[in-house]
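Chemist: One structure follows; several queries about it will come next.
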């Protein structure tokens with residue numbers, strides 16, 4: 769985990785909002801397929817619709833979060849689903865608690 773990359777990824781209100789929503793995805797997204805949002809994640813299109821940003825901006829934000837290891841991606845057919853990487857978030861929390 770590169771802490772500077774994580775902090776850079778978190779330095780944007782929309783990216784923080786994505787992480788917030790994905791903490792409890794069933795509270796914020798209505799999913800109409802048989803994919804379990806808590807296990808697999810939320811589809812890019814659903815995140816984009818909730819953000820109200822373009823598809824390219826949403827994908828860019830998701831890519832930044834994924835590169836910082838804050839999100840994991842799962843591809844099912846033509847769709848990509850994102851969910852939080854709780855291990856990285858726990859490690860970040862421990863780092864903040866012990867080092868900062």
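Numbering (the numbering used here), first residue to last: 769 to 868.
No residue lacks a Cβ here, since even glycine has one placed at the ideal position from N, Cα and C.
Keep in mind that this is a model prediction, so the values were computed, not measured.
1) Rounded to whole angstroms, what's the CA-CA distance from residue 840 to residue 866? Just pull it up for me.
2) Using a Cβ-Cβ cut-off of 7 Å (strictly less than) and excluding sequence neighbours within five positions of residue 771, which residues of its own chain qualify?
3) Given the structure, does residue 798 come close to the ligand ADP, in the sense that its CB is under 7 Å from one of the ligand's heavy atoms?
4) Alpha carbon to alpha carbon, how far is residue 792 from residue 868?
5) The alpha helix (DSSP H) with residue 862 in it runs from where to where?
Modeler: Reading off the structure:
1) One-based indexing of the chain shown puts residue 840 at position 72. One-based indexing of the chain shown puts residue 866 at position 98. Rounded to the nearest angstrom, the two C-alpha atoms are 25 Å apart.
2) Indexing the chain shown from 1 puts residue 771 at position 3. Taken in chain order, the residues that qualify are 863.
3) Here there are no bound small molecules, and the ligand ADP is not part of this structure.
4) In the chain shown, the residue the question calls residue 792 occupies position 24. In the chain shown, the residue the question calls residue 868 occupies position 100. One Cα belongs to residue 792, the other to residue 868, and the distance between them is close to 27 Å.
5) Counting from 1 along the chain shown, the entry for residue 862 is found at position 94. If you look at residue 862, you'll find it in the alpha helix (DSSP H) that goes 854 to 867.
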